[in-house]
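Trainee:
2 protein chains.
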Amino acid sequence: MTKLVVPVVLAGGHGTRLWPMSRSARPKQFLELVGEGSLFQQTLLRASDNERYSAPIILTNADYRFIVAEQAQELGIAPQAIMLEPSARNTALAIAVAAVAAVDNDEDAILHVLASDHAIDAGADYYKAVDVAAQAAANGRLVAFGIEPTRPETGYGYIAVGEDLGHGVNVIDRFVEKPDLARAQELLTNGGHVWNSGMFMMAARTYLSECERLAPETYAAARSAMAQARRDLDFVRLDGAAFETAPNISVDYAIFEKTNRAAVLPVSFAWSDLGSWDAVWKAHKPDQDGNVAVGPALMSNSRDSMVVSDGAHVVVDGLQDIAVIASTDAIYVGRLSSAQGVGQIVKALKSDDTTRGLTEIHKTAYRPWGGYSSVLSGERFQVKRLFVKPGKKLSLQKHHHRSEHWVVVKGTGEVTIDDKVILLSENESVYLPLGCTHRLANPGKILLELIEVQTGSYLGEDDIIRIEDEFGRS
Amino acid sequence: MTKLVVPVVLAGGHGTRLWPMSRSARPKQFLELVGEGSLFQQTLLRASDNERYSAPIILTNADYRFIVAEQAQELGIAPQAIMLEPSARNTALAIAVAAVAAVDNDEDAILHVLASDHAIDAGADYYKAVDVAAQAAANGRLVAFGIEPTRPETGYGYIAVGEDLGHGVNVIDRFVEKPDLARAQELLTNGGHVWNSGMFMMAARTYLSECERLAPETYAAARSAMAQARRDLDFVRLDGAAFETAPNISVDYAIFEKTNRAAVLPVSFAWSDLGSWDAVWKAHKPDQDGNVAVGPALMSNSRDSMVVSDGAHVVVDGLQDIAVIASTDAIYVGRLSSAQGVGQIVKALKSDDTTRGLTEIHKTAYRPWGGYSSVLSGERFQVKRLFVKPGKKLSLQKHHHRSEHWVVVKGTGEVTIDDKVILLSENESVYLPLGCTHRLANPGKILLELIEVQTGSYLGEDDIIRIEDEFGRS
Numbered sequence: 001m002t003k004l005v006v007p008v009v010l011a012g013g014h015g016t017r018l019w020p021m022s023r024s025a026r027p028k029q030f031l032e033l034v035g036e037g038s039l040f041q042q043t044l045l046r047a048s049d050n051e052r053y054s055a056p057i058i059l060t061n062a063d064y065r066f067i068v069a070e071q072a073q074e075l076g077i078a079p080q081a082i083m084l085e086p087s088a089r090n091t092a093l094a095i096a097v098a099a100v101a102a103v104d105n106d107e108d109a110i111l112h113v114l115a116s117d118h119a120i121d122a123g124a125d126y127y128k129a130v131d132v133a134a135q136a137a138a139n140g141r142l143v144a145f146g147i148e149p150t151r152p153e154t155g156y157g158y159i160a161v162g163e164d165l166g167h168g169v170n171v172i173d174r175f176v177e178k179p180d181l182a183r184a185q186e187l188l189t190n191g192g193h194v195w196n197s198g199m200f201m202m203a204a205r206t207y208l209s210e211c212e213r214l215a216p217e218t219y220a221a222a223r224s225a226m227a228q229a230r231r232d233l234d235f236v237r238l239d240g241a242a243f244e245t246a247p248n249i250s251v252d253y254a255i256f257e258k259t260n261r262a263a264v265l266p267v268s269f270a271w272s273d274l275g276s277w278d279a280v281w282k283a284h285k286p287d288q289d290g291n292v293a294v295g296p297a298l299m300s301n302s303r304d305s306m307v308v309s310d311g312a313h314v315v316v317d318g319l320q321d322i323a324v325i326a327s328t329d330a331i332y333v334g335r336l337s338s339a340q341g342v343g344q345i346v347k348a349l350k351s352d353d354t355t356r357g358l359t360e361i362h363k364t365a366y367r368p369w370g371g372y373s374s375v376l377s378g379e380r381f382q383v384k385r386l387f388v389k390p391g392k393k394l395s396l397q398k399h400h401h402r403s404e405h406w407v408v409v410k411g412t413g414e415v416t417i418d419d420k421v422i423l424l425s426e427n428e429s430v431y432l433p434l435g436c437t438h439r440l441a442n443p444g445k446i447l448l449e450l451i452e453v454q455t456g457s458y459l460g461e462d463d464i465i466r467i468e469d470e471f472g473r474s
Numbered sequence: 001m002t003k004l005v006v007p008v009v010l011a012g013g014h015g016t017r018l019w020p021m022s023r024s025a026r027p028k029q030f031l032e033l034v035g036e037g038s039l040f041q042q043t044l045l046r047a048s049d050n051e052r053y054s055a056p057i058i059l060t061n062a063d064y065r066f067i068v069a070e071q072a073q074e075l076g077i078a079p080q081a082i083m084l085e086p087s088a089r090n091t092a093l094a095i096a097v098a099a100v101a102a103v104d105n106d107e108d109a110i111l112h113v114l115a116s117d118h119a120i121d122a123g124a125d126y127y128k129a130v131d132v133a134a135q136a137a138a139n140g141r142l143v144a145f146g147i148e149p150t151r152p153e154t155g156y157g158y159i160a161v162g163e164d165l166g167h168g169v170n171v172i173d174r175f176v177e178k179p180d181l182a183r184a185q186e187l188l189t190n191g192g193h194v195w196n197s198g199m200f201m202m203a204a205r206t207y208l209s210e211c212e213r214l215a216p217e218t219y220a221a222a223r224s225a226m227a228q229a230r231r232d233l234d235f236v237r238l239d240g241a242a243f244e245t246a247p248n249i250s251v252d253y254a255i256f257e258k259t260n261r262a263a264v265l266p267v268s269f270a271w272s273d274l275g276s277w278d279a280v281w282k283a284h285k286p287d288q289d290g291n292v293a294v295g296p297a298l299m300s301n302s303r304d305s306m307v308v309s310d311g312a313h314v315v316v317d318g319l320q321d322i323a324v325i326a327s328t329d330a331i332y333v334g335r336l337s338s339a340q341g342v343g344q345i346v347k348a349l350k351s352d353d354t355t356r357g358l359t360e361i362h363k364t365a366y367r368p369w370g371g372y373s374s375v376l377s378g379e380r381f382q383v384k385r386l387f388v389k390p391g392k393k394l395s396l397q398k399h400h401h402r403s404e405h406w407v408v409v410k411g412t413g414e415v416t417i418d419d420k421v422i423l424l425s426e427n428e429s430v431y432l433p434l435g436c437t438h439r440l441a442n443p444g445k446i447l448l449e450l451i452e453v454q455t456g457s458y459l460g461e462d463d464i465i466r467i468e469d470e471f472g473r474s
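Going down the list, the protein sequences come from chains A and B. Going by the UniProt record's numbering, the residue at position 171 of the first sequence is 171; the numbering climbs one at a time, nothing skipped. Going by the UniProt record's numbering, the residue at position 290 of the second sequence is 290; the numbering climbs one at a time, nothing skipped.
(1) For a contact defined as C-beta to C-beta under 7 Å, what are the partners of S403 of chain A on chain B?
(2) According to DSSP, is K28 of chain B part of a helix, a strand, or is it coil?
(3) Which of the residues in the stretch 305-334 of chain A, read from start to end, lie with their CB under 8 Å from any CB of chain B?
(4) I'd like to know if M1 of chain A contacts chain B, where contact means its C-beta is closer than 8 Å to some C-beta of that chain.
(5) Using CA atoms only, rank isn't needed, just tell me which of B:N442, B:T437, B:K384 is closest to T412 of chain B.
(6) Against G365 of chain A, what residues of chain B qualify as contacts under a CB-to-CB distance less than 7 Å, listed in chain order?
(7) From the DSSP secondary-structure annotation, give me the bridge partner or partners of D164 of chain A.
(8) List, in chain order, every chain A residue whose beta-carbon is nearer than 8 Å to that of F387 of chain B.
(9) Please say whether V375 of chain A and L440 of chain A have beta carbons closer to each other than 8 Å?
(10) Could you give the DSSP three-state label for G341 of chain A: helix, strand or coil?
(11) Would you kindly report the start and end of the unbroken alpha helix (DSSP H) that includes I95 of chain B?
(12) So what does DSSP say about N442 of chain B, is it helix, strand or coil?
(13) Are the stretch 279-292 of chain B and the stretch 123-133 of chain B touching by the rule of at least three beta carbon pairs closer than 8 Å?
(14) Taking the C-alpha atoms as reference points, what is the distance between A222 of chain A and V308 of chain B?
(15) Tell me the rounded alpha-carbon separation between M1 of chain A and L358 of chain A.
(16) Taking the C-alpha atoms as reference points, what is the distance between G146 of chain A and G155 of chain A?
(17) Helix or strand or just coil, what does DSSP make of A200 of chain B?
(18) Which residue from A:G35, A:G12, A:A72 puts its Cα closest to that of P86 of chain A?
(19) Does any residue of chain B have a CB that is nearer than 8 Å to the CB of K347 of chain A?
(20) In the DSSP assignment, find the unbroken alpha helix (DSSP H) run with L188 of chain B in it and report its ends.
(21) Please state if the CB of V103 of chain B and the CB of V143 of chain B are separated by a distance shorter than 8 Å.
(22) If I'm right that L238 of chain A touches A229 of chain A with Cβ under 8 Å, what's the distance once you round it to whole angstroms?
(23) On the DSSP bridge assignment, give the partners of residue 508 of chain A in chain order.
(24) By the three-class DSSP mapping on this structure, what secondary structure does M1 of chain A have?
(25) List, in order along the chain, the chain B residues whose C-beta lies closer than 9 Å to that of F381 of chain A?
(26) Helix, strand or coil for S373 of chain B per DSSP?
(27) Are the beta-carbon atoms of A184 of chain B and E153 of chain B separated by less than 8 Å?
(28) I want to verify the contact list: residues of chain A whose CB lies under 7 Å from the CB of V375 of chain B, in sequence order.
(29) Contact between the stretch 34-46 of chain A and the stretch 64-79 of chain A: three or more CB pairs below 8 Å?
(30) Mind checking who N61 of chain A pairs with in its DSSP beta bridge?
(31) Are there three or more Cβ pairs, one per stretch, closer than 8 Å when the stretch 401-415 of chain B is compared with the stretch 430-438 of chain B?
(32) On a CA-only basis, which of A:S250, A:D419, A:K392, A:M299 is nearest L93 of chain A? Give me that one, please.
(33) Using alpha carbons as the reference points, say which of B:D108, B:V97, B:Y64, B:T328 lies closest to D310 of chain B.
(34) If you follow the beta strand (DSSP E) that residue 478 of chain B is part of, which residue opens it and which one closes it?
(35) At 8 Å on the CB atoms, spell out the chain B contacts of T359 of chain A, in chain order.
(36) Which one or two residues does DSSP pair with W281 of chain B in a beta bridge?
Below is the structure:
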């Protein structure tokens, strides 16, 4: 292959079925669940070979833009674009937007459309399939990757594989909705059906022309969203009004089920959508008792169970088919085999004011300049751990109800207090009296970490008067 | 009644079956498990009516002396004595020591011997029983409180109730070891058997004379341990060599099974030894689905289960007969009905260097001057929350490997740094450079709370050079 493929990474999902680890402010794709790095980072790395791929186009939404930017930066990967979807409009539009951007650069661009929250064993088989699909896409095919089933799985949609089109791809006879167990067993036994992986390969131009013909509203919305897009720092903000006009429809329904250019490439590398905790369990290859432990755990007289822990030591004693998912502030305990029901639990927690927060945020909040974790809260004080990325600065701000103490524990901080500027290095501290104007910056080359002790009568995040801000928040 | 009864509170136990809440550094009796206050505090309160009781004698060991003192002080209860057992020698000796102390004050002293880790519904029935028992004790009886059984319990020993002795007490026909279920059912059906509560009433003099006659080694050890005891602050340190000579034997075996002065008082107030998590569940009166939640929890489609949580929100989804006990650093998940097996788990955790700490200490450590919690640990820093009781001071100390920042968040601190003394009030901070001699004291009338940020290459508790200490630790 000579032509570089453009990875299109879809990273805007809000998945809740891996609660309490996955939360709306930091969903599944940004978590380290299987293997090293987050699923999103693993996705980027799988498409980072520069003999085969150009820089990626990433689709996400405004809430996740800083996580996306930070996680890409951690890998030293510079995306072609990070596009922000103003509202959730499913895959047909997201891919259309990426295609419009890609043909702008290169009218023969080939897109490899990737979910950012799947686990894939990307060995030689995988890349061979990528190359076969890219060739078929260059020949005008819209290619879906179909995974040869290894078990009667009821959690996935299937694709019926039709006649051979040459070059390793086949006609798509039809899409099959998630089957019940009997039907899944039948599909496995009879053969000729593969799992619909949600991964595609296509020429941007082919996709756009089929989209224009078969899903004209989606096509028009994509063109208009791109035409009116605004650059904001490193991000492309797609136009909100344009998005509103588009139907909420997946690429399978909008395009693949209608076009005669669709093809399926049956593959047999290991793949999982990690759609629920039992899928995570399978992806971890359970031990001889059927147990998986991610984090500190003791499984005693227990079988077919999984522990995922953020820190606490979890003991599972004399149980079978149990999932214990322990984050710092929430713990889920249920049947591993029924873990698809977590979505219902999240709904219940969301509907209650006192527990909604548990479905939304983690104890660490990410900000354009870095982030902070709440470490301890008392009656009239609060302790936070702040981290500031090299070269970044927080807004110039003041508070009406609190004073702050900062102790630098790593790196160097530049602190502006009213009209003074001082440098603080490791082990130095500063006091910011109530009402003073202050700003924190990291002028160094390494991460700045500090402990902030706030004292005062009111310590809410809304007691921040922003006087000046690099990130458009003042 | 005119004579005041002396409460003798046995608070030296190390119970592990309520792990992870109960740990050797802060076992069950000092935890709030059922109702308000710790079980030890509830025990003190039940015996605090000064029309009926004098100040208590408390038996514990050196490790728990500060918790005992603090928890008594919280209630405004000043013990007659806090006696420290140099080694664990069971109840016969502990009671003998208390009896020696009591007869020194009043040769007719009546002792009410109380376990400090039981739950009791102390209504009018309870106090009526106390008065009846005290009268029988004054008449020379050694009285065991026997609880009328309400279910075929296999976790308790039983007492066979013999002929009526008048004054509401009966002869003890014999002690029955913990029965199996069939035998427990038989005892319940046939009647005439009560649970051995481990609570006793006796004249100190009667006990000592029976002890001298029936358990002379125990008697001699008690006399000698008291004769050589040392006063240490508010504590009585019993003599270690004397303790070593005594057999490890319970009062049931040593005295009650042999003496002809034993009597049982059958009572029917609600009582539990809270010996395992299922007993805690029973004591909490489960809801209509059989569930109990202590701490934030959601029980969804679940039955006959219990959650105890120190803070994290626990979701139990679609399960039955499950115990989830969630402390900050360890979580137990097992069958509630088999929760007696927690002791085995604790043994397994103890045998592994990496997990032993989880069975020993909590995140909060208690010291004579107050205590501290570890809040956050980083690579070269650590954040602790310290609390110092009014009027107390820490040792004069220095560190070779760390500097410290202190931020006062409540109360007033007096800080000595080398030869300077400064006062810090709320919201003020101080820096203690590596190698400086320093001391923290609370000169105020309210608790002093501060946040300590340590930075340095080594942050272990053993990098403390104590130059001077109020508590005999320099």
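Glycine included, every Cβ here is placed at the ideal spot set by N, Cα and C. On a predicted model such as this, the values are computed, not experimentally measured, just so you know.
Mentor: On the basis of the supplied data:
(1) What you label residue 403 of chain A is simply residue 403 of the first sequence in a count that begins at 1. Within 7 Å Cβ-Cβ: N427.
(2) Walking along the second sequence from the start, residue 28 of chain B turns up at place 28. Of the three classes helix, strand and coil, the one that applies to K28 of chain B here is helix, per DSSP.
(3) S309, G311, A312, H313, V314, V315, V316, D317, G318, L319, I322, V324, A326, S327, T328, D329, A330, I331, Y332, V333, G334
(4) Stepping through the first sequence from its first residue, residue 1 of chain A is reached at position 1. With a pLDDT of 46 at M1 of chain A, under the threshold of 50, the predicted position of this residue should be treated as unreliable, though the coordinate-derived value follows. No, M1 of chain A does not count as interfacial toward chain B.
(5) Numbered from 1 along the second sequence, position 412 holds the residue referred to as residue 412 of chain B. Per the Cα distances, B:N442.
(6) Position 365 of the first sequence holds residue 365 of chain A. Looking at the sequence itself, residue 365 of chain A is Ala, so the reference to Gly does not match. By Cβ distance, chain B contributes nothing, its closest Cβ being about 16 Å from A365 of chain A, past 7 Å.
(7) Position 164 of the first sequence, counting from 1, holds the residue named residue 164 of chain A. Answer is A:N170, bridged to D164 of chain A.
(8) Taking the first residue of the second sequence as position 1, residue 387 of chain B is located at position 387. In chain order: nothing, as chain A lies at least about 10 Å away.
(9) What you label residue 440 of chain A is simply residue 440 of the first sequence in a count that begins at 1. What you label residue 375 of chain A is simply residue 375 of the first sequence in a count that begins at 1. Cβ atoms of L440 of chain A and V375 of chain A: not closer than 8 Å.
(10) Residue mapping note: residue 341 of chain A aligns to position 341 of the first sequence, counting from 1. Reduced to three states, the DSSP call for G341 of chain A is helix.
(11) Within the second sequence, residue 95 of chain B is the residue found at index 95, counting from 1. That run of the alpha helix (DSSP H) goes 90-105.
(12) Along the second sequence, one-based indexing puts residue 442 of chain B at 442. Here N442 of chain B sits in coil by DSSP.
(13) no
(14) By one-based count along the first sequence, residue 222 of chain A stands at place 222. By one-based count along the second sequence, residue 308 of chain B stands at place 308. About 52 Å.
(15) Counting from one through the first sequence, the residue named residue 1 of chain A turns up at place 1. Counting from one through the first sequence, the residue named residue 358 of chain A turns up at place 358. With a pLDDT of 46 at M1 of chain A, under the threshold of 50, the modelled position of that residue is not reliable, and the figure given next carries that caveat. Rounded to the nearest angstrom, the two C-alpha atoms are 48 Å apart.
(16) Position 146 of the first sequence, counting from 1, holds the residue named residue 146 of chain A. Position 155 of the first sequence, counting from 1, holds the residue named residue 155 of chain A. Going from the Cα of G146 of chain A to the Cα of G155 of chain A covers about 15 Å.
(17) Along the second sequence, read from residue 1 onward, the residue named residue 200 of chain B stands at position 200. Just to set this straight, residue 200 of chain B is Phe in the shown sequence, not Ala. Correct three-state label for F200 of chain B: strand.
(18) For this step, residue 86 of chain A is matched to residue 86 along the first sequence. Among A:G35, A:G12, A:A72, the Cα nearest to that of P86 of chain A is on A:G12.
(19) Sequence index remark: in the first sequence, residue 347 of chain A carries index 347 (1-based). False, the Cβ-Cβ gap to chain B never drops below 8 Å.
(20) Counted from its first residue, the second sequence places residue 188 of chain B at position 188. Residues 181-190.
(21) What you label residue 143 of chain B is simply residue 143 of the second sequence in a count that begins at 1. What you label residue 103 of chain B is simply residue 103 of the second sequence in a count that begins at 1. No. Outside cutoff.
(22) Taking the first residue of the first sequence as position 1, residue 238 of chain A is located at position 238. Taking the first residue of the first sequence as position 1, residue 229 of chain A is located at position 229. Contact flag correct, Cβ pair sits at about 5 Å.
(23) This structure gives no information on residue 508 of chain A, because the portion of chain A shown stretches from 1 to 474.
(24) As a first step, residue 1 of chain A is located in the first sequence; it is residue number 1 there, counting from the start. The predicted model places M1 of chain A with a pLDDT of 46, which falls under 50 and marks its position as unreliable; any figure quoted below should be read in that light. M1 of chain A: coil per DSSP, three-state reduction.
(25) If you number the first sequence from 1, residue 381 of chain A lands on position 381. Those are V407, V409, K410, E426, N427, E449, I451, listed as they occur along chain B.
(26) Mapped onto the second sequence, residue 373 of chain B falls at position 373. It is a strand residue.
(27) As a working mapping, residue 184 of chain B is identified with position 184 in the second sequence. As a working mapping, residue 153 of chain B is identified with position 153 in the second sequence. Yes, these two residues count as a Cβ contact at 8 Å.
(28) In the second sequence, residue 375 of chain B corresponds to position 375, counting from 1. Chain A residues near V375 of chain B: V375, L376, V383.
(29) yes
(30) As a working note, residue 61 of chain A is residue 61 in the first sequence. In DSSP, N61 of chain A forms a bridge with A:E85.
(31) yes
(32) The sequence position of residue 93 of chain A within the first sequence is 93, counting from 1. Selected option, being the one with the closest Cα: A:S250.
(33) What you label residue 310 of chain B is simply residue 310 of the second sequence in a count that begins at 1. D310 of chain B has its Cα closest to that of B:T328, out of B:D108, B:V97, B:Y64, B:T328.
(34) Residue 478 of chain B lies beyond the residue range present for chain B, which begins at 1 and ends at 474; the question has no answer from this structure.
(35) Numbered from its first residue, the first sequence carries residue 359 of chain A at position 359. Here the premise fails: no neighbours, minimum Cβ distance about 10 Å.
(36) Indexing the second sequence from 1 puts residue 281 of chain B at position 281. According to DSSP, which records beta bridges pairwise, W281 of chain B is partnered with nothing at all.
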